[in-house]
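Numbering (the numbering used here), first residue to last: 21 to 331.
Structure representation (structure tokens):
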């Protein structure tokens with residue numbers, strides 16, 4: 021088999037409306053946690069744990085590209101399932117339309133609104149972009165295929181309607197909580213930029229050095245802030261579920277997709293997404309705890325990594 025033949029085979033199977041191809045993708049995604057398991061031993065080269073590499077990409081650009089794979093893959097699946105995109109979407113059952121809307125709301129925020137509002141993103145290794153793009157393709161194709169032709173949300177009777185409404189409500193709580201806790205981190209970054217600029221100006225004026233190692237700054241009784249020897253400023257997040265865990269934005273995203281799963285009637289693609297997110301993000305949360313520990317040491321508050329009171 022030559023390269024062009026192999027490429028044609030990939031093109032034929034991507035976004036395919038064929039039920040057998042769709043089931044194969046969904047089953048393959050079942051095994052993603054096995055791939056994710058070794059990542060507990062590897063520091064993910066992005067965000068807090070970004071590393072210097074010639075293969076790094078600008079953080080915001082990398083994030084936007086890999087997250088846009090999800091909505092674009094969803095739309096491509098719709099396109100390959102029907103010649104008329106809008107007519108296909110309009111013909112969906114009401115519950116499927118709601119779930120589709122929630123999916124696009126999530127990714128409009130995640131792929132565009134959130135990164136464009138963020139003050140900065142650390143560089144990300146190209147491997148992160150490639151892995152996340154594959155993850156998002158499998159997720160989007162599986163869910164789009166299920167909503168379009170391979171699945172059905174049962175909202176018949178009071179029980180089905182109640183389950184669907186409860187799931188949507190839980191999704192909304194999780195989505196809002198995720199956005200709010202991310203905004204707390206963004207405000208810390210904005211404040212750090214302002215304070216770093218003020219410290220640099222003071223150093224230039226007074227001729228002071230930045231010191232060695234981590235130095236605690238006087239930021240008031242309600243804030244714990246340190247300055248690294250490279251001049252970077254770090255702060256312990258406060259407020260909301262940050263009082264109980266270090267990564268409540270992860271936890272609230274899991275709440276969001278749990279609600280989506282309930283509303284969708286426990287459909288396999290969403291089970292895949294939730295399980296795989298937990299498998300991927302839990303090691304990342306513990307890496308984040310080590311990040312804070314390295315900067316705050318014994319001054320670091322006692323909190324869980326990602327699930328309040330539990331984990």
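Positions of the beta carbon are idealized from the N, C-alpha and C atoms, including for glycine.
None of the values given here were measured: they were computed from a predicted structure.
What residue range is occupied by the uninterrupted alpha helix (DSSP H) comprising residue i?
i, result
"residue 173", "Neither: residue 173 is in no alpha helix (DSSP H) and is coded neither H nor E."
"residue 276", "268-283"
"residue 137", "134-137"
"residue 310", "288-316"
Leaving out five residues on either side along the sequence, give the residues of the same chain with a beta carbon under 7 Å from the beta carbon of residue i.
i, result
"residue 162", "45, 46, 49, 289, 292"
"residue 311", "68, 69"
"residue 170", "39, 42"
"residue 327", "265, 271"
"residue 102", "108"
Helix, strand or coil: which one does DSSP assign to residue i?
i, result
"residue 188", "helix"
"residue 110", "helix"
"residue 3", "Residue 3 lies beyond the residue range present for the chain, which begins at 21 and ends at 331; the question has no answer from this structure."
"residue 77", "strand"
"residue 26", "Low confidence applies here, because residue 26 scores a pLDDT of 42, under 50, leaving its location unreliable; read the following figure in that light. Three-state DSSP puts residue 26 in a helix."
"residue 256", "coil"
"residue 55", "helix"
"residue 247", "strand"
"residue 44", "helix"
"residue 144", "strand"
"residue 230", "Per-residue confidence for residue 230 stands at a pLDDT of 46, beneath the threshold of 50, marking its modelled position as unreliable; the derived number appears in the next sentence. Reduced to three states, the DSSP call for residue 230 is coil."
Would you mind giving the Cβ-Cβ distance between residue i and residue j, rounded to the nearest angstrom? I have them listed as a contact below 8 Å.
i, j, result
"residue 37", "residue 295", "The Cβ separation is near 25 Å, so there is no contact."
"residue 258", "residue 64", "About 25 Å; that fails the 8 Å criterion."
"residue 118", "residue 168", "Not a contact, Cβ separation roughly 15 Å."
"residue 138", "residue 206", "5 Å"
"residue 255", "residue 208", "5 Å"
"residue 84", "residue 150", "Contact doesn't hold; Cβ gap of about 15 Å is too wide."
"residue 246", "residue 315", "6 Å"
Within its chain, find whatever has a CB closer than 8 Å to the CB of residue i; leave out the 5 residues flanking it on each side and keep chain order.
i, result
"residue 26", "In this prediction, residue 26 has a pLDDT of 42, which is less than 50 and means its spatial position is unreliable; what the coordinates show is noted afterwards. The answer is none, since no qualifying residue turns up."
"residue 297", "273, 274, 277"
"residue 115", "173, 175, 184, 283"
Give every residue of the same chain whose Cβ lies closer than 6 Å to the Cβ of residue i, excluding the five residues on either side of it in the sequence, and list them in chain order.
i, result
"residue 174", "180, 285"
"residue 66", "144, 148"
"residue 71", "65"
"residue 269", "198, 201, 202"
Validate contact between the region 207-214 and the region 285-295 using beta carbons, cut 8 Å, 3 pairs: No: fewer than three Cβ pairs fall under 8 Å.
Can we say the region 254-269 touches the region 319-326, given the rule of at least three CB pairs closer than 8 Å? With the cut-off at 8 Å, the region 254-269 and the region 319-326 touch.
So does the region 118-127 actually touch the region 81-94, counting three or more Cβ pairs closer than 8 Å? Using a C-beta cut-off of 8 Å, the region 118-127 makes contact with the region 81-94, since at least three inter-stretch Cβ pairs fall below that distance.
Inter-stretch contact at 8 Å, needing at least 3 Cβ pairs: the region 146-162 / the region 104-114: Between the region 146-162 and the region 104-114 there are fewer than three inter-stretch CB-CB distances shorter than 8 Å, so the stretches are not counted as touching.
Could you check whether the region 266-286 touches the region 170-190, counting it as contact only if at least three pairs of C-beta atoms, one from each stretch, sit closer than 8 Å? Contact between the region 266-286 and the region 170-190 is present: 3 or more CB-CB pairs across the two stretches fall below 8 Å.
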